[in-house]
């Protein structure tokens, strides 16, 4: 049951009692956007995020009636140097949690372990240019990042669509805290990531952010001045973005 809807500048905010209700509502909305794109032009292009925040959303998305054979899928980021077999690989996560099950028309993976990271970044950027994205499904990190655009490397006017970034300490601690790595030293220091202009250039954005540990980042996203100090603040300027919260992540804004 959705108990609160409000708007902050352009950003639509929806608060739900539980993570499951939040995940279901976001999945229904994303399915509607995908189906509308398919109805209009015969295909749709989608970006998916990873991490603990996306569990409920992805679970419900695969229950929706969607013609996956008309959908091309991209993802937001991948650790630099990481093989797809690693438990923390975002490619592995997406394959196992949804993509191997729904079998989209095409999946373009960002290969973190490509021998030449800069060449891989360029390859992925060119693919994105060829596939304008109908909807990006993202989250917000504990440091306010979107994709791996942590405050020190975030650039609202980045000339690139994809780049190699250095991960800040807060971001790496979050990856450890979510249980993806055994120790802090095991968390990679760099990743390949879509940039903020790549995300903001998508026709629509669905941003799913559960859990009380994200409450501070959510508060900052809605209340701080729009700046790279909290990269997610830029979402308040997008013409079609919805922020989905549960009671935990919304606990500082009520």
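Numbering (my numbering), first residue to last: 343 to 596.
For glycine and all other residues, C-beta sits at the position ideal for the given N, C-alpha and C.
Does the separation of the CB atoms of residue i and residue j fall below 8 angstroms?
i, j, result
"residue 574", "residue 475", "no"
"residue 588", "residue 361", "yes"
"residue 593", "residue 559", "no"
"residue 426", "residue 434", "yes"
"residue 389", "residue 416", "yes"
"residue 601", "residue 523", "Here the chain comprises residues numbered 343 to 596, so residue 601 is not present and cannot be evaluated."
"residue 490", "residue 509", "yes"
"residue 570", "residue 446", "no"
"residue 451", "residue 469", "no"
Sorted by chain position, which residues of the same chain lie with C-beta nearer than 7 angstroms to residue i's C-beta, five sequence neighbours on each side aside?
i, result
"residue 370", "406"
"residue 372", "403, 477, 479, 548"
"residue 481", "391, 393, 395, 396, 549, 550, 551"
"residue 375", "476, 477, 546"
Residue i to residue j, Cα distance in whole Å?
i, j, result
"residue 394", "residue 419", "15 angstroms"
"residue 568", "residue 411", "38 angstroms"
"residue 424", "residue 456", "9 angstroms"
"residue 535", "residue 387", "18 angstroms"
"residue 577", "residue 496", "13 angstroms"
"residue 512", "residue 484", "7 angstroms"
"residue 521", "residue 532", "18 angstroms"
"residue 580", "residue 546", "8 angstroms"
"residue 477", "residue 538", "14 angstroms"
"residue 584", "residue 460", "32 angstroms"
"residue 431", "residue 421", "7 angstroms"
"residue 564", "residue 458", "38 angstroms"
"residue 514", "residue 377", "36 angstroms"
"residue 467", "residue 437", "21 angstroms"
"residue 582", "residue 351", "11 angstroms"
"residue 566", "residue 555", "18 angstroms"
Go through its chain and collect everything with a Cβ distance to residue i's Cβ below 6 angstroms, but skip five positions before and after it.
i, result
"residue 562", "486, 572"
"residue 553", "590, 591"
"residue 385", "412"
"residue 462", "453, 456"
"residue 398", "361, 362, 365"
"residue 543", "none"
Residue i by DSSP, collapsed to three states: which one?
i, result
"residue 523", "coil"
"residue 349", "strand"
"residue 478", "strand"
"residue 463", "helix"
"residue 504", "strand"
"residue 357", "strand"
"residue 391", "coil"
"residue 367", "helix"
"residue 595", "coil"
"residue 386", "strand"
"residue 491", "strand"
"residue 343", "In this prediction, residue 343 scores a pLDDT of 41, lower than 50, which makes its location untrustworthy; the coordinate-derived value is nonetheless stated afterwards. Three-state DSSP puts residue 343 in coil, outside helix and strand."
"residue 373", "helix"
Can you give me the Cβ contacts of residue i inside the same chain, cut-off strictly under 8 angstroms, excluding the 5 residues immediately before and after it?
i, result
"residue 347", "354, 355, 356, 357"
"residue 471", "503"
"residue 429", "522"
*In the region 393-457, which residue ranges form an unbroken beta strand (DSSP E) of at least 3 residues, counting only runs that do not cross its ends?*
413-417, 419-421
*May I have a chain-ordered list of the alpha helix (DSSP H) segments no shorter than 4 residues that lie completely inside the region 507-592?*
511-519, 538-542, 557-565
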